Amino acid sequence: MRVLFGLFLLGGLSRTLLAQGPLDGYLKGKGVLDVVPSLSFNSAGRFFGADGQTYEEGFRGHTLALFAEYGLGQRLDVVATAAYVLTAAQSGLQDGGFHLKYRPLYQPMGRAGHLGLLLGVGASFPLVRYDIVAAGALGQRAVTAPFRLIAQWDTPLGLFFNLTGGYHWRLDRLAEADIAAVRRLRPAFLPTQPSDFYTFLVRTGFPAARYYVDVWAEYQHTPGGSDYTPGVPDLPQAYGVSFTQIGGTAYYSESGRLGFLFSGAYLLRGRNTAQMLRLTAGIVMRWGG
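Quick note: numbering that gives the first Met the number 0 has the sequence shown finishing at residue 288, numbered continuously throughout.
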């Protein structure tokens, strides 16, 4: 069971690639392609349940991730993500996604810099139909349709401030076969369907010719969903996940065509999630422009 709930958190963290989430406040420009393979080390010592309860549910594992962003035009980018989870219990493809990022406004503010407004839509989904009932499950098997509103102030000094809000519709529903599998162990099981959730992100950073650094904090809240109870057979797919986490990113490139990134994140508190520490290293490759 310890492996199961650590891996369950990875379903929420597979979106964490360059910073938090697949969409930032910048556009690549028409014809520019960035491809970023990365490796993350994930470790947790305990699991947060409902109402502030904590459980000793340790976890260690790795995630191979692939991120790609392409400029379809001066105001429109397409983003694709994929993740592969490696643990002592089980390894395999986990979740992926496709997203569009559009900037309808980039307003000059004189000596105050520029204010940009971006809209993001897309879908996140399991890349394979992995088992969510057995211990060692690779994720939550969530299918989501997120909408994000991104506001970014680019100051004349280069420093930026970013606010991102998102609403995520859960489109997946519990499978009858999964419900039946739980009821064989727990006849009185009454399933709860997955619940929509929302996110709020604050980020600040500094991009320069050869490097980029940022720090961020993110809050996710799920108003519904079921809750983890130790020793009780259940479906993690329906758990309502809420958390607060912090992190940062550092990137360096000599040529602008090939660069290296390092990032980290730490989950401070939450509901139905592990207190995860993530450390990531990746390579950024650019074509076009």
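Using N, Cα and C, we set each Cβ at its ideal position, and we do this for glycine too.
If you're wondering where the values come from, they're calculated on a predicted model, not measured in any experiment.
Handout entry: Cβ contact check for the stretch 205-218 and the stretch 235-250: 3 or more pairs under 8 Å
Key = Enough Cβ pairs lie closer than 8 Å, so yes.
Handout entry: Val-283 vs Gly-258 beta-carbon contact at 8 Å
Key = When the beta-carbon positions are compared, Val-283 and Gly-258 come within less than 8 Å of each other.
Handout entry: Alpha-carbon spacing of Phe-46 relative to Pro-222, whole angstroms
Key = Counting only the Cα atoms, Pro-222 lies some 19 Å from Phe-46.
Problem - Cβ pair Gly-70, Gly-28 closer than 8 Å - result: Their beta carbons are under 8 Å apart, which means Gly-70 touches Gly-28 by this criterion.
Practice task
Taking only the alpha-carbon atoms, compute the straight-line gap between Gly-48 and Leu-266 and give it to the nearest angstrom.
Solution key: Gly-48 and Leu-266: Cα-Cα distance of roughly 14 Å.
Handout entry: Status (buried if at least 16 other CB within 10 Å, exposed otherwise) for Tyr-227
Key = Counting of Cβ neighbours within 10 angstroms places Tyr-227 among the buried residues, the total reaching 16 or more.
Practice task
Measure the Cβ-Cβ separation of Gly-165 and Phe-146 and say whether it is below 8 Å.
Solution key: It is a contact, given that the beta carbons lie within the stated cut-off.
Exercise for the section: Determine whether the Cβ of Val-31 lies closer than 8 Å to any Cβ atom of chain D. Expected result: As a matter of chain content, chain D is missing from the structure shown, which is built from one protein chain.
Exercise for the section: Within the stretch 204-276, note down every full beta strand (DSSP E) run reaching 3 residues or more, in order along the chain. Expected result: Within the stretch 204-276, the complete beta strand (DSSP E) runs of at least 3 residues fall at 210-220, 241-252 and 257-270.
Handout entry: Of the listed residues Ser-42, Val-240 and Leu-116, nearest to Glu-55 (C-alpha basis)
Key = Here the closest residue by C-alpha is Ser-42.
Problem - Limits of the unbroken alpha helix (DSSP H) element including Val-142 - result: Per DSSP, Val-142 belongs to no alpha helix (DSSP H) and is neither H nor E.
Problem - Continuous beta strand (DSSP E) stretch holding Val-31: start and end - result: Where Val-31 is concerned, there is no enclosing beta strand (DSSP E), given that its DSSP letter is neither H nor E.
Handout entry: Exposure label - Ser-123; buried when at least 16 CB within 10 Å
Key = Buried, since its Cβ has 16 or more Cβ neighbours within 10 Å.
Exercise for the section: My understanding is that Leu-126 touches Gln-93, with C-beta atoms under 8 Å, so please give their C-beta distance in whole angstroms. Expected result: The pair is a contact, with the Cβ atoms about 7 Å apart (cut-off 8 Å).
Practice task
For Leu-8, I'd like the list of residues in its chain whose CB is within less than 6 Å of its CB, leaving aside the five on either flank, ordered along the chain.
Solution key: Confidence is the limiting factor: at Leu-8 the pLDDT is only 46, short of 50, which leaves the residue's position unreliable and the question unanswerable from this model.
Handout entry: Reduced DSSP secondary structure (H/G/I, E/B, other) of Gly-60
Key = It is a strand residue.
Exercise for the section: Identify the continuous beta strand (DSSP E) that holds Ala-111 and give its terminal residues. Expected result: Element bounds for Ala-111: n/a, residue is neither H nor E.
Practice task
Output the boundary residues of the alpha helix (DSSP H) element that contains Val-84.
Solution key: Note, Val-84: premise wrong, no alpha helix (DSSP H); beta strand (DSSP E) at 75-85.
Exercise for the section: Please name the residue or residues paired with Val-120 in a DSSP beta bridge. Expected result: DSSP lists Leu-99 and Phe-146 as the beta-bridge partner residues of Val-120.
Practice task
Give the C-beta separation of Gln-106 and Leu-114 to the nearest angstrom, bearing in mind that I take them to be a contact with Cβ-Cβ under 8 Å.
Solution key: The Cβ separation is near 5 Å, so the contact holds.
Handout entry: Under 8 Å between C-beta atoms of Tyr-218 and Thr-243
Key = Yes, Cβ-Cβ distance for Tyr-218 and Thr-243 is below 8 Å.
Practice task
List the DSSP bridge partners of Thr-191.
Solution key: DSSP output for Thr-191 lists no bridge partner at all.
Problem - Nearest-angstrom Cα separation, counted from Ser-241 out to Leu-104 - result: Put simply, the backbone Cα of Leu-104 is about 31 Å away from that of Ser-241.
Practice task
Using the Cα positions of Gly-281 and Arg-185, report the straight-line distance between them to the nearest angstrom.
Solution key: Going by C-alpha positions, Gly-281 is about 43 Å away from Arg-185.
Handout entry: Rounded straight-line distance, which links the Cα of Leu-158 to that of Leu-173
Key = For Leu-173 and Leu-158, the distance between alpha carbons rounds to 45 Å.
Handout entry: Whole-angstrom distance between Val-120 and Glu-175, CA atom to CA atom
Key = Those two C-alpha atoms are separated by around 30 Å.
Problem - N- and C-terminal bounds of the alpha helix (DSSP H) containing Leu-184 - result: Element bounds for Leu-184: 175-184.
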